[in-house]
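Novice:
Number of protein chains: 2
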Amino acid sequence: MKIISTLEALQQERVQLAKEQKSVGYVATMGFLHEGHQSLMKRSKAENDITVLSIFVNPLQFGAGEDFETYPRDAVRDQRIAEQEGVDIVFMPEAAAMYPGNSTIKLHVADRVDVLCGKSRPGHFDGVVTVLSKLFHLIQPNRAYFGLKDAQQVAVVQALVHDLNFPLEVVPVSTVREEDGLAKSSRNVYLSEQERQVAPAIYQALQKAKQSIQDGAKDPEKVASAVKEFINSQTSGRIDYVEILSYPALKPVKEIDARIIIAAAVYFDKARLIDNLVLEADGSIMDRF
Amino acid sequence: MKIISTLEALQQERVQLAKEQKSVGYVATMGFLHEGHQSLMKRSKAENDITVLSIFVNPLQFGAGEDFETYPRDAVRDQRIAEQEGVDIVFMPEAAAMYPGNSTIKLHVADRVDVLCGKSRPGHFDGVVTVLSKLFHLIQPNRAYFGLKDAQQVAVVQALVHDLNFPLEVVPVSTVREEDGLAKSSRNVYLSEQERQVAPAIYQALQKAKQSIQDGAKDPEKVASAVKEFINSQTSGRIDYVEILSYPALKPVKEIDARIIIAAAVYFDKARLIDNLVLEADGSIMDRF
Numbered sequence: 001m002k003i004i005s006t007l008e009a010l011q012q013e014r015v016q017l018a019k020e021q022k023s024v025g026y027v028a029t030m031g032f033l034h035e036g037h038q039s040l041m042k043r044s045k046a047e048n049d050i051t052v053l054s055i056f057v058n059p060l061q062f063g064a065g066e067d068f069e070t071y072p073r074d075a076v077r078d079q080r081i082a083e084q085e086g087v088d089i090v091f092m093p094e095a096a097a098m099y100p101g102n103s104t105i106k107l108h109v110a111d112r113v114d115v116l117c118g119k120s121r122p123g124h125f126d127g128v129v130t131v132l133s134k135l136f137h138l139i140q141p142n143r144a145y146f147g148l149k150d151a152q153q154v155a156v157v158q159a160l161v162h163d164l165n166f167p168l169e170v171v172p173v174s175t176v177r178e179e180d181g182l183a184k185s186s187r188n189v190y191l192s193e194q195e196r197q198v199a200p201a202i203y204q205a206l207q208k209a210k211q212s213i214q215d216g217a218k219d220p221e222k223v224a225s226a227v228k229e230f231i232n233s234q235t236s237g238r239i240d241y242v243e244i245l246s247y248p249a250l251k252p253v254k255e256i257d258a259r260i261i262i263a264a265a266v267y268f269d270k271a272r273l274i275d276n277l278v279l280e281a282d283g284s285i286m287d288r289f
Numbered sequence: 001m002k003i004i005s006t007l008e009a010l011q012q013e014r015v016q017l018a019k020e021q022k023s024v025g026y027v028a029t030m031g032f033l034h035e036g037h038q039s040l041m042k043r044s045k046a047e048n049d050i051t052v053l054s055i056f057v058n059p060l061q062f063g064a065g066e067d068f069e070t071y072p073r074d075a076v077r078d079q080r081i082a083e084q085e086g087v088d089i090v091f092m093p094e095a096a097a098m099y100p101g102n103s104t105i106k107l108h109v110a111d112r113v114d115v116l117c118g119k120s121r122p123g124h125f126d127g128v129v130t131v132l133s134k135l136f137h138l139i140q141p142n143r144a145y146f147g148l149k150d151a152q153q154v155a156v157v158q159a160l161v162h163d164l165n166f167p168l169e170v171v172p173v174s175t176v177r178e179e180d181g182l183a184k185s186s187r188n189v190y191l192s193e194q195e196r197q198v199a200p201a202i203y204q205a206l207q208k209a210k211q212s213i214q215d216g217a218k219d220p221e222k223v224a225s226a227v228k229e230f231i232n233s234q235t236s237g238r239i240d241y242v243e244i245l246s247y248p249a250l251k252p253v254k255e256i257d258a259r260i261i262i263a264a265a266v267y268f269d270k271a272r273l274i275d276n277l278v279l280e281a282d283g284s285i286m287d288r289f
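Those protein sequence lines, which keep their order, are chains A and B. Each residue of the first sequence is one higher than the one before, starting from 1 at the first, in UniProt numbering. Each residue of the second sequence is one higher than the one before, starting from 1 at the first, in UniProt numbering.
Laid out in C-alpha cells, this is it:
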C-alpha cells in the first residue's frame with residue numbers, strides 16, 4: 001500500500017496508472033474509518049483494478065461553531081484498516097496543499113441543499129463539492145463510492161457529476177449498521193453510554209415508516225409524524241428534522257408515489273446523529289440510481 | 001476528421017483514445033474560425049497525438065443585450081478549416097445537450113473579473129468557466145490552447161485549472177494579426193470600411209506603450225494615458241477601457257516592475273474590439289506562464 005501526501009506524487013502515480021490502463025475506484029473520507037467506510041473499500045476493490053482512499057478533514061465543509069477542530073482523527077489506525085482492506089493508495093494531503101491561497105473559483109450548490117442537513121449547515125455542501133472537484137481531478141477515478149447514510153451528500157455529488165459531466169460513475173452504497181441497527185458513524189464515539197443504548201430507536205422508527213408504506217401509507221406528513229413520535233418516546237435526543245422528500249431531487253412530496261427518502265437527524269448531548277432510508281414507491285429499498 | 005455532436009459519442013471516443021494512450025490537445029471555440037484559431041490548432045497538432053476542436057456558441061457567457069443571437073456562425077466553413085488544419089475531432093454539441101435543465105451546481109469567478117472586459121460583462125466569466133469545466137471533463141485534454149487576445153480569459157482559465165486541480169496544462173498562444181496589426185477576431189466582420197482602416201491604431205498604441213516601457217517608463221497611469229490619447233486621436237471609436245494590471249493576477253500596479261498586461265477595448269458602431277500585450281518588466285513579450 002502506498003501512502004501519498006503530496007499532490008505532485010499523486011499526479012505522477014495517476015499518470016503511471018493510466019499508462020497501465022488500470023481502472024480506479026475511489027473512496028473519499030475524513031478518516032477515523034469504520035465499517036461503513038470499509039464496505040465502500042470492499043465494493044471498490046471488487047469492481048476496480050486499483051482502489052484509492054483519501055483521508056482529508058476538509059475545513060471548507062465545516063461551518064463556524066462546528067466540530068472541525070475536535071473531529072476525531074487517528075491516522076495510524078486508519079492506515080492499518082486501509083491495509084487490511086487491500087487499499088492500493090492512501091492519499092492524505094495537507095490542508096495547505098489543497099487550499100494554497102484564496103481561490104478565484106467558487107462552487108455553489110444552488111439546489112438540494114435547503115432541506116435535511118443542508119438547512120442547518122449553510123455552505124457545507126459548497127465545501128463538499130469544492131473538495132470533491134479537486135480530489136476527482138487529482139485521482140481521476142472511474143467510480144466513486146459514497147455511503148447512503150449521507151444520502152443528501154450522495155444526491156449532491158450525483159448532481160455535481162451530472163451537471164459538470166465529470167467522467168466517472170457515482171456508486172451509492174448501503175448504510176452499514178451495528179447489530180442493534182444504529183448506523184455506523186465516526187461521531188458515535190461521542191455518545192454517552194445511556195445515549196448509545198437508545199440511539200437505535202432512530203433506525204427502528206425508520207423501519208416502522210418503511211413497514212407502514214409497504215402497508216399502503218401514502219401521506220408523507222402522517223408517516224413523518226409517526227417517526228418523530230417514536231424517536232421522542234424512546235430517546236432523550238432532540239429532533240433536528242424528520243423529512244420525507246423525493247430522491248435524489250430532494251423536493252417535498254404530497255404523496256408517496258415514487259422514490260423517496262425518509263431522513264432523520266437527532267441531537268444528543270455531544271453528537272448529532274443522522275439516518276435515513278431511500279425507498280421505492282412500494283416501500284422496497286433503493287438498490288441503484 | 002470525425003464530427004461528433006452528442007456527448008455520448010464523444011465519451012465513447014475519449015475512452016478509445018485513452019486505450020490507445022493518445023495525448024489530446026484541445027482548442028475551445030465559438031466557431032466562425034479565423035487565423036487566430038488556426039494558430040491554436042497548429043500548435044496543438046505540433047504538441048499532441050490528437051487534436052480536438054469544439055465549436056459551441058455558449059449561451060451562458062452572453063449577457064442580456066449582448067450578441068448571442070447575432071454572433072456569426074458558419075459550420076460548413078468551420079469544418080473545412082478544421083479539416084485543412086488536420087484536426088482529428090470536431091465536437092459540435094447542441095445547447096440542449098450541454099444544458100439539459102437547471103443546474104444544481106453553479107461556478108462563480110470571484111477574482112480577476114472586476115477589471116477589463118469582466119467589468120462590463122457581469123457573469124460572462126461564470127459562463128466561461130462553467131462551459132469549460134464541462135468540456136474539459138468531456139474531452140479530457142492533456143493540453144488546452146487559448147489565444148492571448150483574450151488575455152483575461154486565459155488568466156481566468158488558468159485560475160480554474162489551478163484552483164480545481166484539473167489534470168491539464170493551459171497553453172497561452174500569441175495573438176494573430178492582420179498585416180496592418182489589427183488582431184484577428186470573429187467580430188472584425190462587423191466593422192465598416194472606414195472603421196476597419198483606423199482600427200489598427202489600437203495595436204499601434206499598445207506598441208508605443210511597449211516601446212516607452214522598454215525606454216524606461218514605470219508609471220502605469222502615464223503609459224495608459226498615452227495609449228488612450230493615441231486611440232482617440234486616430235479613430236472614431238469610443239474607448240471602453242485602457243488598463244495596465246499585473247498578469248495573470250490582474251491587480252492594479254503602482255509601478256511597472258513585474259509582468260503586466262496593457263489592455264484596451266474600443267467600441268465601434270457595431271463591434272467592440274479588444275487587444276493587449278502581456279509584457280515582462282523590461283518590456284519584452286511574455287513567452288510562457
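We put the beta carbon where it would ideally sit given N, CA and C, even for glycine. All figures in this text were calculated on a predicted structure; none of them were measured in a lab.
Whole alpha helix (DSSP H) runs in the segment 73 to 137 of chain B with 4 or more residues, listed along the chain?
Specialist: Note on the segment 73 to 137 of chain B: whole alpha helix (DSSP H) runs with a minimum of 4 residues are 75 to 84, 95 to 98 and 116 to 120, in chain order.
Novice: Find out if the Cβ-Cβ distance for the pair His-37(A), Val-27(A) is shorter than 8 angstroms.
Specialist: In the first sequence, the residue the question calls residue 37(A) occupies position 37. In the first sequence, the residue the question calls residue 27(A) occupies position 27. Cβ atoms of His-37(A) and Val-27(A): closer than 8 angstroms.
Novice: Using the C-alpha atoms, what's the distance from Ala-263(B) back to Asp-287(B)?
Specialist: Position 287 of the second sequence, counted from the start, is the residue given in the question as residue 287(B). Position 263 of the second sequence, counted from the start, is the residue given in the question as residue 263(B). When rounded, the distance between both Cα atoms is 17 angstroms.
Novice: Leaving aside the five residues before and after Val-227(B) along the sequence, list all residues of the same chain whose C-beta is less than 8 angstroms from its C-beta, in chain order.
Specialist: Along the second sequence, one-based indexing puts residue 227(B) at 227. Once the five neighbours on either side are set aside, the close Cβ partners of Val-227(B) are Ala-205, Leu-206, Lys-208, Ala-209, Val-242, Ile-262 and Ala-264.
Novice: Give the interface partners of Ile-105(B) over in chain A, defined as CB-CB distance under 7 angstroms, in chain order.
Specialist: In the second sequence, residue 105(B) corresponds to position 105, counting from 1. Leu-107, Val-109, Val-129, Ala-159, Leu-160, Asp-163 and Leu-164, listed in chain order.
Novice: Mind listing the chain B neighbours of Leu-279(A)? Cutoff is C-beta to C-beta under 9 angstroms, in chain order.
Specialist: Working through the first sequence from its first residue, we reach residue 279(A) at position 279. In chain order: nothing, as chain B lies at least about 22 angstroms away.
Novice: Is Leu-168(A) closer than 8 angstroms to Ala-183(A) when the C-beta atoms are compared?
Specialist: Start at 1 with the first residue of the first sequence, and residue 183(A) comes out as number 183. Start at 1 with the first residue of the first sequence, and residue 168(A) comes out as number 168. The Cβ-Cβ distance between Ala-183(A) and Leu-168(A) does not fall below 8 angstroms.
Novice: Runs of 3 residues minimum, wholly inside the segment 225 to 250 of chain A: which ones carry the beta strand (DSSP E) assignment?
Specialist: Taking 3 residues as the shortest admissible run, the segment 225 to 250 of chain A contains the following complete beta strand (DSSP E) segments, listed from N- to C-terminal end: 238 to 246.
Novice: Only counting the same chain, and skipping five residues up and downstream in sequence, which positions put a Cβ closer than 8 angstroms to that of Glu-35(B)?
Specialist: In the second sequence, the residue the question calls residue 35(B) occupies position 35. Take Glu-35(B), set aside five residues on each side of it, and the residues of its chain with a beta-carbon closer than 8 angstroms to its own are Val-176 and Lys-184, in chain order.
Novice: Please identify the residue among Ser-103(A), Gly-101(A), His-108(A) and Asn-102(A) whose C-alpha is closest to the C-alpha of Thr-104(B).
Specialist: Residue numbering aside, residue 104(B) sits at position 104 when the second sequence is read from its first letter. Here the closest residue by C-alpha is His-108(A).
Novice: Quick one: which chain B residues come within Cβ less than 9 angstroms of Leu-245(A)?
Specialist: Residue mapping note: residue 245(A) aligns to position 245 of the first sequence, counting from 1. Going along chain B, no residue has its Cβ under 9 angstroms from Leu-245(A), so there is no contact; the nearest lies around 14 angstroms.
Novice: Quick check on DSSP: helix, strand or coil for Tyr-169(B)?
Specialist: For the purposes of this step, residue 169(B) is taken as the residue at position 169 of the second sequence. In the sequence on display, residue 169(B) carries Glu and not Tyr. Strand.
Novice: Note down, in chain order, each residue of its chain lying with its Cβ closer than 7 angstroms to the Cβ of Val-189(B), except the 5 sequence neighbours on either side.
Specialist: The residue you call residue 189(B) lines up with position 189 of the second sequence. If we look at Val-189(B) and ignore the five residues flanking it on each side, its Cβ neighbours are Pro-72.
Novice: Would you mind stating whether Ser-39(A) and Asn-142(A) have Cβ atoms separated by less than 8 angstroms?
Specialist: The residue given as residue 39(A) occupies position 39 in the first sequence. The residue given as residue 142(A) occupies position 142 in the first sequence. Taking 8 angstroms as the Cβ cut-off, Ser-39(A) and Asn-142(A) do not qualify as a contacting pair.
Novice: For Ser-236(B), which residues from the same chain have a beta carbon less than 8 angstroms from its beta carbon, with the 5 sequence-adjacent residues on both sides left out?
Specialist: Working through the second sequence from its first residue, we reach residue 236(B) at position 236. Counting only Cβ-Cβ distances below 8 angstroms, and skipping sequence neighbours, we find Gln-194, Glu-195, Val-198 and Phe-268.
Novice: DSSP has Val-146(A) in a bridge; who is on the other side?
Specialist: For this step, residue 146(A) is matched to residue 146 along the first sequence. At residue 146(A) the sequence reads Phe, which differs from the Val that was named. Answer is Pro-172(A).
Novice: Return yes when the Cβ of Phe-136(A) is within less than 8 angstroms of the Cβ of Val-156(A), no when it is not.
Specialist: The residue labelled residue 156(A) in the question sits at position 156 within the first sequence. The residue labelled residue 136(A) in the question sits at position 136 within the first sequence. No, Cβ-Cβ distance for Val-156(A) and Phe-136(A) is not below 8 angstroms.
Novice: Counting only C-beta atoms, is His-34(A) closer than 8 angstroms to chain B at any point?
Specialist: For the purposes of this step, residue 34(A) is taken as the residue at position 34 of the first sequence. Not an interface residue.
Novice: Between Tyr-247(B) and Glu-255(B), what straight-line distance do the alpha-carbon atoms span, to the nearest angstrom?
Specialist: Position 247 of the second sequence, counted from the start, is the residue given in the question as residue 247(B). Position 255 of the second sequence, counted from the start, is the residue given in the question as residue 255(B). So the two alpha carbons sit approximately 13 angstroms from each other.
Novice: Measuring only the C-alpha atoms, how far is Gly-283(A) from Ala-217(A)?
Specialist: Along the first sequence, one-based indexing puts residue 283(A) at 283. Along the first sequence, one-based indexing puts residue 217(A) at 217. Distance between the alpha carbons of Gly-283(A) and Ala-217(A) is about 9 angstroms.
Novice: Any idea what DSSP makes of Val-253(A), helix, strand or coil?
Specialist: Stepping through the first sequence from its first residue, residue 253(A) is reached at position 253. Reduced to three states, the DSSP call for Val-253(A) is coil.
Novice: Taking buried to mean at least 16 other C-beta atoms within 10 Å of its own C-beta, is Pro-200(B) buried or exposed?
Specialist: Residue mapping note: residue 200(B) aligns to position 200 of the second sequence, counting from 1. The residue in question, Pro-200(B), is buried, as its Cβ has 16 or more Cβ neighbours within 10 Å.
Novice: Would you be able to state if there are at least three C-beta pairs under 8 angstroms between the segment 76 to 84 of chain B and the segment 115 to 133 of chain B?
Specialist: no
Novice: Among Leu-132(A), Glu-66(A) and Val-90(A), which residue has its Cα nearest to the Cα of Ile-3(A)?
Specialist: Taking the first residue of the first sequence as position 1, residue 3(A) is located at position 3. Here the closest residue by C-alpha is Val-90(A).
Novice: Among Val-115(B), Gln-153(B), Val-170(B) and Asn-165(B), which residue has its Cα nearest to the Cα of Leu-10(A)?
Specialist: The count along the first sequence starts at 1 and reaches residue 10(A) at position 10. Answer by Cα proximity: Asn-165(B).
Novice: Could you check if Ile-285(A) is buried or exposed, using at least 16 other CB atoms within 10 Å of its CB as the buried criterion?
Specialist: Sequence index remark: in the first sequence, residue 285(A) carries index 285 (1-based). Label assigned to Ile-285(A): exposed.
Novice: Grab the span of the beta strand (DSSP E) containing Val-154(B) for me, first residue to last.
Specialist: Position 154 of the second sequence, counted from the start, is the residue given in the question as residue 154(B). Premise fails: Val-154(B) lies in the alpha helix (DSSP H), 151 to 163, not in any beta strand (DSSP E).
Novice: Can you check whether the C-beta of His-37(A) is within less than 8 angstroms of a C-beta belonging to chain B?
Specialist: The sequence position of residue 37(A) within the first sequence is 37, counting from 1. No, its Cβ sits nowhere closer than 8 angstroms to a Cβ of chain B.
Novice: Which first and last residues belong to the alpha helix (DSSP H) in which Arg-196(B) is found?
Specialist: Your numbering for residue 196(B) matches position 196 in the second sequence. Run containing Arg-196(B): 193 to 198, per the alpha helix (DSSP H) assignment.
Novice: Taking beta-carbon pairs under 8 angstroms, can you tell me which members of the segment 9 to 32 of chain B lie near chain A?
Specialist: Gln-11, Arg-14, Ala-18, Lys-19 and Gln-21
Novice: Where Ala-18(A) and Met-92(A) are concerned, what is the direct C-alpha to C-alpha distance, given to the nearest angstrom?
Specialist: To locate residue 18(A), count along the first sequence from 1; it is residue 18. To locate residue 92(A), count along the first sequence from 1; it is residue 92. Cα to Cα, Ala-18(A) sits roughly 21 angstroms from Met-92(A).
Novice: Let me know the secondary structure DSSP gives Ala-271(B) once reduced to three states.
Specialist: Locating residue 271(B) in the second sequence gives position 271, where the first residue counts as 1. In this structure, Ala-271(B) counts as coil in the three-state DSSP scheme.
Novice: Compare the C-beta of Leu-60(A) against all C-beta atoms of chain B and say whether one is closer than 8 angstroms.
Specialist: For this step, residue 60(A) is matched to residue 60 along the first sequence. Taking Cβ atoms only, chain B never reaches closer than 8 angstroms to Leu-60(A), which makes this a no.
Novice: For a contact meaning CB atoms closer than 7 angstroms, what does Arg-112(A) contact in chain B?
Specialist: Sequence index remark: in the first sequence, residue 112(A) carries index 112 (1-based). Ordered by position in chain B, the residues that pass the 7 angstroms Cβ test against Arg-112(A) are Thr-104.
Novice: When Cβ atoms are compared, which residues of the segment 116 to 143 of chain A fall closer than 7 angstroms to chain B?
Specialist: Val-129, Ser-133, Lys-134, His-137, Leu-138 and Gln-140
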